[in-house]
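Peer 1: The structure's right below; bear with me while I get my questions together.
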Amino acid sequence: MLLLTIMEQIKLYPLKFEPIYQYRIWGGRRLGSLLSKPLPAHDPVGEAWILSDRNDHPSKVINGKLKGQTISELFKHSYDQLMGKHAEKFERFPLLLKFLDCKEVLSVQVHPSDQEKKYIPKGDSGKTEAWVVLETGKDSIIYAGLKPGTTEEKIRDSLEKHKVADDLAHFKPKQGDCVLIKAGTVHTLGDVVVFEVQENSDVTFRLYDWDRVDKKTGKPRDLQVEEAIACIDFTKTAIGPIKPVAEDDGPDLREKIFDNAHFKLWRLTGSLPFMVGKEATLRVLVCIEGKGELESNNDLYTFGKGEVMLIPAVNGACPFVPKGDVILLEIALPGE
């Protein structure tokens, strides 16, 4: 009880969180050069969850008086400070932020929309997601959407013949590409490192997994073919990179990349001081290149490549001072 009282009395400040590494059969070791936390020995690491309010993997604060507290606890005991004008709209942090190292191609998969309640576990949501490409390799590929004219019958025939890739639209990504994967879009990607923002959901239906075997279990991974087919939006064809929209004439290049019902995301590039955050509104920063300092209430917070920083609503807009060239992603919650 005393701890709860202390938490409620602490004024929130810009918060940094510890990444949570996830073993994935398709992962690699490239996240070790992006994040400062050492990778687990030997295992392929496919994902680093950098801001998560999942029950099984809640993110923990790593700076200041609230070090060790989870984002779930902050939602419970510092809700108004955290959410500002978004208060009462969300029971938990509505987004899940990740870095992915897709050394090998992921399964061909699809996520349900929020409306497809039949396929979503209680307390979860659908899953629209988006990627910002950070690194590519010689075999980089993004499959996003179906080829025009692809039907359920054609998909089922391709599954029997192990030729599902023949039905998928694809392109070779380059560093900086930004791709929106709306719920219902068949997709996968390989030989890339990306930042991912998505609805706070872990609902994935695998349509096809390239006939591979998980070395840890000696077995193929489970497929959810019927659920995947039921959730496919067959109108989603040939998804390509989004063209960023440049905003204002400040010292930084501020580009709006994603703006939908689930999240907004801007990319900020520059070497001179610029403003981040917004009055009475929660914002999240992700540094994908360089480093700098955020100033809030006369305190400085260092912030560098691979790190995530949550700016609570109570802190509002803050100046950011780069130390050289820097690239930040700034994320806003839905409904702003």
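Under our numbering, think of the first position of the sequence shown as 2, with each following residue one higher.
All C-beta atoms in this analysis are idealised placements derived from N, C-alpha and C, irrespective of residue type, glycine included.
1. Of all the beta strand (DSSP E) runs that stay within the bounds of the segment 112 to 184, which reach a length of 3 or more residues?
2. Mapping the DSSP letters down to three states, classify His87 as helix, strand or coil.
3. What's the call for Val327, buried or exposed, on a 16-neighbour Cβ count within 10 Å?
4. Could you check whether the segment 157 to 167 touches the segment 213 to 223, counting it as contact only if at least three pairs of C-beta atoms, one from each stretch, sit closer than 8 Å?
5. Leaving out five residues on either side along the sequence, give the residues of the same chain with a beta carbon under 8 Å from the beta carbon of Gly146.
6. Can you tell me whether Lys77 is helix, strand or coil according to DSSP?
7. From which residue to which residue does the beta strand (DSSP E) around Ile230 run?
8. Taking only runs of the beta strand (DSSP E) that begin and end inside the segment 255 to 280, which ones reach a length of at least 3 residues, in chain order?
9. If I follow the unbroken beta strand (DSSP E) through Ser297, where does it start and stop?
10. Whole angstroms is fine: what's the gap from Leu3's alpha carbon to Ser34's?
11. Let's see if you can read the secondary structure: which residues bound the beta strand (DSSP E) around Leu208?
12. Among residues of its own chain, excluding the 5 on either side of Ile11, which ones have a beta-carbon nearer than 7 Å to its beta-carbon?
13. Could you have a look at Ser37 and say whether DSSP puts it in helix, strand or coil?
Peer 2: In brief:
1. 130 to 147, 169 to 172 and 179 to 182
2. coil
3. buried
4. no
5. Leu169, Ala170, Thr186, Val187, His188, Lys237, Thr238, Ala239 and Ile240
6. helix
7. No beta strand (DSSP E) contains Ile230, which is instead part of the alpha helix (DSSP H) from Val226 to Cys232.
8. 265 to 271 and 275 to 277
9. Lys292 to Ser297
10. With a pLDDT of only 46 at Leu3, under 50, the local geometry of the prediction cannot be trusted, and no value is derived from it.
11. Phe206 to Tyr209
12. Lys66 and Leu67
13. coil
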